[in-house]
Amino acid sequence: MWVLHAPQPFQPPAASSSPQLSCVARSHTKPPLCSITLNPAIATAKDGANNNRLIQSLCKQGNLKQALHLLSREPNPTQHTYETLILSCIRHESLSHGLDVHRHLVHGGLDQDPFLATKLINMYSELDSIDNARKVFDRTRKRTIYVWNALFRALTLVGQGLEVLSLYRRMNELGVPSDRFTYTYVLKACVASECLNSLLWKGKEIHAHILKHGYEAHVHVMTTLVDMYAMLGCVAYAASVFDGMPTRNVVSWSAMIACYVRNERPFEALELFREMLNKTNDLSPNSVTMVSVLQACASLAALEQGKLIHGCILRRGLDSILPVFSTLVTMYARCGKLELGQRVFDQMENRDVVSWNSLISGYGIHGYGKKAIQIFKEMIYHGVSPSHISFISVLGACSHAGLVAEGKMLFDSMVKEHRIYPRMEHYACMVDLLGRANQLDEAAKVIEDMRIEPGAEVWGALLGSCRIHCNVELAEKASKRLFELEPRNAGNYVLLADIYAEAQMWDEVKRIKKLLEAPKLQKVPGCSWIEVRRKMYSFTSVDEFNVRSEQLHALLLKLSTEMKERGYVPQTKIVLYDLDEKEKERILLGHSEKLAVAFGLINTKSGETIRISKNLRLCEDCHSVTKFISKFANREILVRDLNRFHHFHDGVCSCGDYW
DNA sequence: CTAGGGTTAG
Numbered sequence: 001m002w003v004l005h006a007p008q009p010f011q012p013p014a015a016s017s018s019p020q021l022s023c024v025a026r027s028h029t030k031p032p033l034c035s036i037t038l039n040p041a042i043a044t045a046k047d048g049a050n051n052n053r054l055i056q057s058l059c060k061q062g063n064l065k066q067a068l069h070l071l072s073r074e075p076n077p078t079q080h081t082y083e084t085l086i087l088s089c090i091r092h093e094s095l096s097h098g099l100d101v102h103r104h105l106v107h108g109g110l111d112q113d114p115f116l117a118t119k120l121i122n123m124y125s126e127l128d129s130i131d132n133a134r135k136v137f138d139r140t141r142k143r144t145i146y147v148w149n150a151l152f153r154a155l156t157l158v159g160q161g162l163e164v165l166s167l168y169r170r171m172n173e174l175g176v177p178s179d180r181f182t183y184t185y186v187l188k189a190c191v192a193s194e195c196l197n198s199l200l201w202k203g204k205e206i207h208a209h210i211l212k213h214g215y216e217a218h219v220h221v222m223t224t225l226v227d228m229y230a231m232l233g234c235v236a237y238a239a240s241v242f243d244g245m246p247t248r249n250v251v252s253w254s255a256m257i258a259c260y261v262r263n264e265r266p267f268e269a270l271e272l273f274r275e276m277l278n279k280t281n282d283l284s285p286n287s288v289t290m291v292s293v294l295q296a297c298a299s300l301a302a303l304e305q306g307k308l309i310h311g312c313i314l315r316r317g318l319d320s321i322l323p324v325f326s327t328l329v330t331m332y333a334r335c336g337k338l339e340l341g342q343r344v345f346d347q348m349e350n351r352d353v354v355s356w357n358s359l360i361s362g363y364g365i366h367g368y369g370k371k372a373i374q375i376f377k378e379m380i381y382h383g384v385s386p387s388h389i390s391f392i393s394v395l396g397a398c399s400h401a402g403l404v405a406e407g408k409m410l411f412d413s414m415v416k417e418h419r420i421y422p423r424m425e426h427y428a429c430m431v432d433l434l435g436r437a438n439q440l441d442e443a444a445k446v447i448e449d450m451r452i453e454p455g456a457e458v459w460g461a462l463l464g465s466c467r468i469h470c471n472v473e474l475a476e477k478a479s480k481r482l483f484e485l486e487p488r489n490a491g492n493y494v495l496l497a498d499i500y501a502e503a504q505m506w507d508e509v510k511r512i513k514k515l516l517e518a519p520k521l522q523k524v525p526g527c528s529w530i531e532v533r534r535k536m537y538s539f540t541s542v543d544e545f546n547v548r549s550e551q552l553h554a555l556l557l558k559l560s561t562e563m564k565e566r567g568y569v570p571q572t573k574i575v576l577y578d579l580d581e582k583e584k585e586r587i588l589l590g591h592s593e594k595l596a597v598a599f600g601l602i603n604t605k606s607g608e609t610i611r612i613s614k615n616l617r618l619c620e621d622c623h624s625v626t627k628f629i630s631k632f633a634n635r636e637i638l639v640r641d642l643n644r645f646h647h648f649h650d651g652v653c654s655c656g657d658y659w
């Protein structure tokens, strides 16, 4: 066995502004500490036991300052006294007093007590002072599992997963056995790390340790394992761990449901929820479960399902919980029922910034930019400070509505008025806003002037705008960077090919299509959903119609002929295959969205609104066809694409052909 | 003395 680097003697700093321990002030305001003049009777008390009791009771009363004063006169503070003091510092969020207590501990020689070292690490972790937590750990000679775990927890919380894993390795080499808590922390560390990928192998290794040490039936550990795989995108692994659990509780079920939602498999999320209700009698879903289930409904635009869940939430009395409320607002907005979202919002007794953000983004995706800005201002008026997500929401709303000047002003106000520094997403919003409005040079300038290294999001936004306005030159520049940053994202290649096709540069189209054949590319197939009588039906685009889609094809063909007589021109230029016009038209008719619309026309009553959601941006041909259909079939058609809602009515779309 | 799932955006 080898020894860790020798603990250095701890030197208590002399002045209160400590050079040894880094004292970083917390951003939020601390509760005021009482400063009552010390009662001389207490100050001179000689009885140690009495003093200890007094210090503890002063802490309980929240009089930390006086407690510390008394501590300096007490030669023999007990472990319990120190514990009380440390907890009190956490409660008051007072790092400077925490440092004082620490200094006293060192002075009295009690800092080597592993129990108190654990408490100190927790304290520094709570007070956002990870460096001090680490120093305590380094100087503690007798490291119980509690001491290790406390540091693991602290490091995981600040995202230093790699450090946790390297310490975990050392711990194993030293022969210190892990316990159930250790496993939960190190599993979390595989997710909470500076490096985003490649920790899966480490997680699997820990998984093996867990099985080897007989924790395969431990609910907490196994649930954490499910969650780790979920966070790393390994749905199959998560499911197999979940399936193998001998006992499960609400948390395990919720973790697995959340796993499906997070990894864009909402159907499976809803299915598992149903299974949970049917298979388990003794446990019932709670607010956390409901949030995930609502998210699944939202992502599918499954309005009827969502309403059922809403009823379920009301019956179970989970409706006063803020996150549930916010998710309900989002669910209704994303299912195309903005007015119901607004109604839920109006009923909320208290609202936090997340509730406001839900509503703002709701108006945004429906194209009501001005309204979104108005709600943003209302939020501030109500004393709620915007978060960085508020800005993503409101800037996105400006973008959908083409409110360039307003968006610029809001962007400027971020730093000036709210001290929120733009992140990648904000820059992407601005590039999108300007680019969509055909101010491509300005959009490119935003990228040039960025204070951080431009990532895929901003280049992607620029390329998307080049697609709309057919700017080959800028598109080539953007895609060059984009291909370096995300070489496996097929969507980017398709965008560029679209642009070349629009510009009739067929050789270039061919060249890009060659690149698209690379097997490693991640292609997202176009997919649309429609809910009919509480059942979801999904459609993927087809190049050839088969027996099942025959009826839909016939209807679409008939509609197409009628529409052509009234001025519809198929946008065959977006078909990237080298085929004749007739063939291209056939391919256009096979787009998943048209299939879903046709299915909706056949399977819903004549006055009923057709609601469709799809996973990609709506193509121009589908957009134009849906406009026609809304007029000639006299139907309201609501389509949610990747970015926003299109509300088709009487031949017009709410996006104003700006999307 | 410590532990597991969820809220808003794109």
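For the first sequence, the UniProt record's numbering gives the first residue as 1, with consecutive numbering after it.
Backbone N, C-alpha and C define an ideal beta-carbon position, used for all residues, glycine too.
Computed from a predicted model, the values in this text were never measured in an experiment.
- If you look at Met536, you'll find it in the beta strand (DSSP E) that goes 535 to 540.
- Counted as a single uninterrupted DSSP element, the alpha helix (DSSP H) harbouring His469 occupies residues 456 to 469.
- With contacts defined as CB atoms closer than 8 Å, Gly336 and Ala301 qualify as a contacting pair.
- Inter-segment contact for the region 617 to 624 and the region 324 to 335 is absent: fewer than three beta-carbon pairs are separated by less than 8 Å.
- Straight-line spacing of the CA atoms in Thr540 and Ala497 works out to 21 Å.
- Here Leu58 is not near Ala49, since their CB atoms are 8 Å or more apart.
- Under the three-pair Cβ rule at 8 Å, the region 629 to 641 counts as touching the region 595 to 615.
- As the crow flies, the alpha-carbon of Asp282 is around 40 Å from that of Met171.
- Sequence-distant partners of Tyr229 (beyond 5 residues in either direction) whose C-beta falls short of 8 Å from its own C-beta, in its chain, are Gly203, Val235, Tyr237, Ala238, Val241, Cys259.
- A direct Cα-Cα distance of roughly 19 Å separates Leu482 from Leu433.
- Annotated three-state conformation of Ile587 is helix, per DSSP.
- Taking C-beta separations shorter than 6 Å and ignoring five residues to either side along the sequence, the partners of Asn357 in its chain run Ile389, Ser390, Ser393, following chain order.
- The three-state secondary structure of Lys614, taken from DSSP, is strand.
- Counting other Cβ atoms within 10 Å of its Cβ, Trp529 reaches 16 or more and is therefore classed as buried.
- Per DSSP, reduced to three states, the secondary structure at Asn51 is helical.
- Scanning its chain for C-beta atoms nearer than 7 Å, with the 5 sequence neighbours on each side dropped, one finds around Leu556 the residues Leu589, Lys594, Ala598, in chain order.
- Across the set Val524, Ser320, Asn350, Cys527, the C-alpha of Asn350 shows the shortest separation from the C-alpha of Val384.
- Here Lys371 is buried: its Cβ has 16 or more other Cβ atoms, across all protein chains shown, within 10 Å.
- Asp111 has its alpha-carbon roughly 6 Å from the corresponding atom of Ala117.
- A straight-line Cα-Cα distance of about 8 Å links Lys65 and His97.
- Ranked by how close their Cα comes to the Cα of Met563, the residues Cys527, Glu620, Ile629 have Ile629 in first place.
- Distance from Ile375 to Ile360 at the Cβ level is roughly 5 Å; contact confirmed, criterion being Cβ atoms closer than 8 Å.
- Within the same chain, and ignoring the five residues on either side of Met536 in sequence, the residues whose Cβ sits closer than 8 Å to its Cβ are Phe267, Leu300, Ala302, Gln305, Trp529, Ile530.
- Of Asn122, Val324, His69, Pro114, the smallest CA-CA separation from Ile86 is found for Asn122.
- In the DSSP assignment, Val404 falls within the alpha helix (DSSP H) that extends over 404 to 418.
- Take Ile373, set aside five residues on each side of it, and the residues of its chain with a beta-carbon closer than 8 Å to its own are Val394, Ala397, Cys398, Leu403, Glu406, Leu410, in chain order.
- The shortest C-alpha to C-alpha distance from Asp100 to any of Asn132, Phe115, Pro114 is the one to Asn132.
- Boundaries of the beta strand (DSSP E) around Leu638: 637 to 640.
- Nearest Cα to Gly367 within the set Asn63, Gly62, Gly656, Pro75: Gly656.
- With a 10 Å radius around the Cβ and a threshold of 16 neighbouring Cβ atoms, Ser320 comes out exposed.
- According to DSSP, Glu531 shares a beta bridge with Met536.
- With a cutoff of 8 Å on beta-carbon distance, Ile130 and Leu155 are scored as near each other.
- Leu616 places its beta carbon 8 Å or farther from that of His646.
- Assignment of His104 by DSSP, reduced to helix, strand and coil, places it in the helix class.
- With 16 or more other Cβ atoms inside 10 Å of its own Cβ, Asp227 counts as buried.
- Here DSSP, grouped into helix, strand and coil, assigns Cys398 to helix.
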